[in-house]
Amino acid sequence: SEQMGKNENTSQYIKKQSVYSLETLCTIYSKLKKVRFGVVASRKPKYAEAALDFQILSRQFRQENCLEYAGLCLIQSSRCFSELKSSTSELQMLLEAASIFIEIELQLHDTNTLSYHENLSLALSTYQLAQKNLREQNERYLAGLITFQVGLHLEILEKFHESERLFSMALDSFQDLLSIQICIYQRLINIRIDNENYNLALQTITNLIERLIKTSINDISYRRLLASYDILRLFLLLILQPHPQRLRSDYAKTLDAYTWESYEKLNIPMSYLDETLFYLLQSITLAVQAKDLNHIEQLEYDLNQQTQINSRHINLFHKLKQKISGHFIDTFKFDQHTSISNNITDYR
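The opening position of the sequence shown corresponds to residue 191 in the numbering used here, with each subsequent residue numbered one higher.
Right under this line is the structure:
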């Protein structure tokens with residue numbers, strides 16, 4: 191009975207706090223109404239006061255675990271700062287509000303709780319307002335980073351189509367910052383491979399390889415990266431098996447090199463492969479073309495021993511084996527426009 195009494199007291203306290211918070215909210219709104227329909231000269235001080243009041247109220251709602259109300263209060267605070275022409279403070283409030291809505295959605299996802307994604311919609315709408323703010327301030331890099339971050343959140347929430355779209359958008363913000371572009375490309379490639387969108391994955395990998403080659407950076411990490419993605423490109427080509435008449439010239443050269451070329455005559459990026467690995471990949475290519483599943487399975491052990499081979503390569507190799515063994519139902523035909531286009535925007 192004593193415990194029940196404590197629980198009842200706690201419940202009453204929470205209710206009182208919530209009522210107090212809602213009363214405070216009404217008080218703030220009444221101040222703003224007086225501003226809107228009152229004397230224009232008193233407008234800015236009232237908006238500044240209201241912006242601060244909304245922030246304080248947001249913190250109170252967070253303490254009471256009323257996260258939705260906390261986020262909505264921050265949105266109202268951002269509107270006050272918008273009236274005051276304070277872009278920086280407005281942006282800060284928008285980003286804090288969006289992060290709260292995302293936090294709610296992630297909690298629901300982690301606990302497998304049914305969600306109608308209202309908070310996700312609020313988060314995305316708030317991020318859009320933040321993006322508009324950043325565009326007005328000509329903050330291209332920060333806008334791109336926020337877009338990338340939202341894409342990562344959406345990926346966690348298994349909203350793969352939306353995250354893929356945002357990753358593609360984020361790429362445009364970092365045309366002159368290669369290191370960040372590589373991170374975005376990697377997420378974009380991974381999500382397309384994981385969702386078996388192999389055609390787009392192949393195009394994106396080709397775009398990344400061309401981007402890296404153009405930089406002419408003579409660094410071991412870039413060499414390894416180029417070699418790694420060229421292996422992925424080869425496996426994707428072997429899975430897709432495009433018709434010779436629809437085969438892009440650079441894809442045809444890749445397949446020819448892994449079929450007939452000697453190691454000494456290789457060009458970048460294949461020249462960055464270990465010689466043993468190159469000839470092993472050449473053997474795999476010939477075995478796939480001959481549809482010799484037994485030989486492919488024999489080569490798998492050697493492939494696993496190579497230091498330049500990672501889990502991504504092995505997973506695609508297993509998909510390739512499924513294709514050869516007849517367990518792969520889709521035919522993966524190329525679209526006509528992707529077979530002939532070299533437009534960078536077509537690769538996204």
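For glycine and all other residues, C-beta sits at the position ideal for the given N, C-alpha and C.
Tell me which residues share the same chain as residue i and place their Cβ nearer than 6 angstroms to its Cβ, disregarding the 5 neighbours each side in the sequence.
i    : result
E345 : S353
T132 : Residue 132 falls outside the range modelled here, since the chain spans only 191 to 538, and no answer is possible.
G261 : A287, I290, F291
L257 : I290, I294
L319 : L284
F227 : Its pLDDT being 37, under 50, F227 is placed unreliably in this model, and the value from its coordinates should be taken loosely. Excluding residues within five positions, none has a Cβ falling inside 6 angstroms.
Q376 : none
R502 : none
So what does DSSP say about residue i, is it helix, strand or coil?
i    : result
I458 : coil
N255 : coil
Y441 : helix
I499 : coil
S278 : The question names Ser, but residue 278 in the sequence shown is Thr. In this structure, T278 counts as helix in the three-state DSSP scheme.
Q266 : helix
D362 : helix
L367 : coil
P434 : helix
H307 : coil
N385 : coil
A480 : coil
E400 : helix
G341 : helix
L356 : helix
N380 : helix
L347 : coil
S272 : helix
S232 : Here S232 scores only 44 on pLDDT, less than 50, and its place in the model should not be relied on; the value that follows carries that caveat. Reduced to three states, the DSSP call for S232 is helix.
D464 : coil
N408 : coil
E295 : helix
N505 : helix
Going by Cα to Cα distance, which pick from the options is closest to residue i?
i    : options                : result
Q488 : I474, L310, E308, L510 : I474
A391 : L422, Y412, L335       : L422
E239 : C270, L402, D384       : C270
A408 : Y462, F507, S439, Y375 : The sequence given here places Asn at residue 408; Ala does not occur at that position. Ranking Y462, F507, S439, Y375 by Cα distance to N408 puts Y462 first.
T337 : F350, I514, L314       : L314
I403 : D446, K349, P459, L437 : P459
S276 : Q327, S452, Y317, I486 : Q327
S311 : K322, K349, T301       : K349
L335 : K481, S369, N309       : S369
H433 : L398, Q479, T466       : Q479
Y441 : E329, E400, T466       : E400
S452 : Y491, R438, I383, Y469 : Y469
Our contact map puts residue i next to residue j with C-beta atoms below 8 angstroms; I'd like the distance itself, whole angstroms only.
i    : j    : result
F357 : G341 : 5 angstroms
F244 : S267 : 4 angstroms
L428 : L510 : 6 angstroms
L247 : L281 : Contact flag wrong, Cβ pair sits at about 20 angstroms.
A417 : Q496 : Not quite, the Cβ-Cβ distance comes to about 11 angstroms (not below 8 angstroms), so this is no contact.
S515 : L493 : At roughly 17 angstroms, the Cβ-Cβ gap does not stay under 8 angstroms, so S515 and L493 are not in contact.
L445 : Y388 : In fact, because the Cβ distance is near 15 angstroms, the residues do not count as touching under 8 angstroms.
In chain order, what residues of the same chain lie with their CB nearer than 8 angstroms to the CB of residue i, ignoring the 5 residues before and after it?
i    : result
V230 : With a pLDDT of 41 at V230, under the threshold of 50, the predicted position of this residue should be treated as unreliable, though the coordinate-derived value follows. None.
T296 : What sits at residue 296 in the sequence shown is Leu, not Thr. For L296, where only same-chain residues beyond five positions count, the Cβ hits under 8 angstroms are H343, I346, L347.
D464 : Q496, T497, Q498
I374 : F338, F357, A360, L361, F364
I395 : I379, Y419, L422, R423, L426
Once you ignore the five residues that flank residue i on each side, which residues in its own chain have a CB closer than 7 angstroms to its CB?
i    : result
Y448 : L424, L471, Q472, T475
L298 : S305
A333 : Q321, L324, R325, S363
### Message
Give the list of continuous alpha helix (DSSP H) stretches no shorter than 4 residues that lie fully inside the stretch 410 to 434.
### Response
Every unbroken stretch of the alpha helix (DSSP H) spanning 4 or more residues and falling wholly within the stretch 410 to 434 is given here in chain order: 410 to 430.
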